[in-house]
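The sequence shown begins at 37 in the numbering used here and counts up by one.
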Amino acid sequence: MAFQLDTFEKYETNLNEGRVIEIIDPVSGLPTGLEIRVVSYESTRVKDAVRKAAAKIPKDDRGSKEALIRRNEEMTMTVACAAIVSWTGWDDEDGNPVPCDLENIRHLLASSGEVRKQVDAAADDATGFFTK
Numbered sequence: 037m038a039f040q041l042d043t044f045e046k047y048e049t050n051l052n053e054g055r056v057i058e059i060i061d062p063v064s065g066l067p068t069g070l071e072i073r074v075v076s077y078e079s080t081r082v083k084d085a086v087r088k089a090a091a092k093i094p095k096d097d098r099g100s101k102e103a104l105i106r107r108n109e110e111m112t113m114t115v116a117c118a119a120i121v122s123w124t125g126w127d128d129e130d131g132n133p134v135p136c137d138l139e140n141i142r143h144l145l146a147s148s149g150e151v152r153k154q155v156d157a158a159a160d161d162a163t164g165f166f167t168k
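Here it is, written out as structure tokens:
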């Protein structure tokens, strides 16, 4: 089989358009009903978020060990948040869809380590963005 550049060009497009993942209940192994569109950690969207967050860090701020740990945690949250584009299947108490905005994304990821693991695994899995 000969090399096909268009395979990699489609891959680059898919990194930025993302793919939908079903969030799975870790106990039952069944879908929860929440579906999240995730872009790759290699996407333009995530890279831009990282650059923007890094630009806010003072150049001369070495800080304490605790400050460095906090900054690292904030950066990993920024990356994970940037990877989420949209979702379906999450409604509030009145049955209205919960908006997929930064505040709700942060709340979801901070509240559920399991959801964060599944988003992280999907965004980090480059093969999941190749089309067959």
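Backbone N, C-alpha and C fix where the C-beta goes; we use that ideal spot for every residue, glycine too.
- Straight across, the Cα-Cα distance linking Cys117 with Val82 is about 9 Å.
- In the DSSP assignment, Val121 falls within the beta strand (DSSP E) that extends over Ile120 to Thr124.
- Distance from Glu58 to Glu71 at the Cβ level is roughly 5 Å; contact confirmed, criterion being Cβ atoms closer than 8 Å.
- Annotation for Glu58: the continuous beta strand (DSSP E) segment containing it runs Arg55 to Ile60.
- DSSP lists Ile57 and Trp123 as the beta-bridge partner residues of Ile72.
- Separation of Ser79 and Asp130 (C-alpha to C-alpha, rounded to the nearest whole angstrom) is 35 Å.
- Between the alpha carbons of Asn140 and Gln40 lies a gap of roughly 41 Å.
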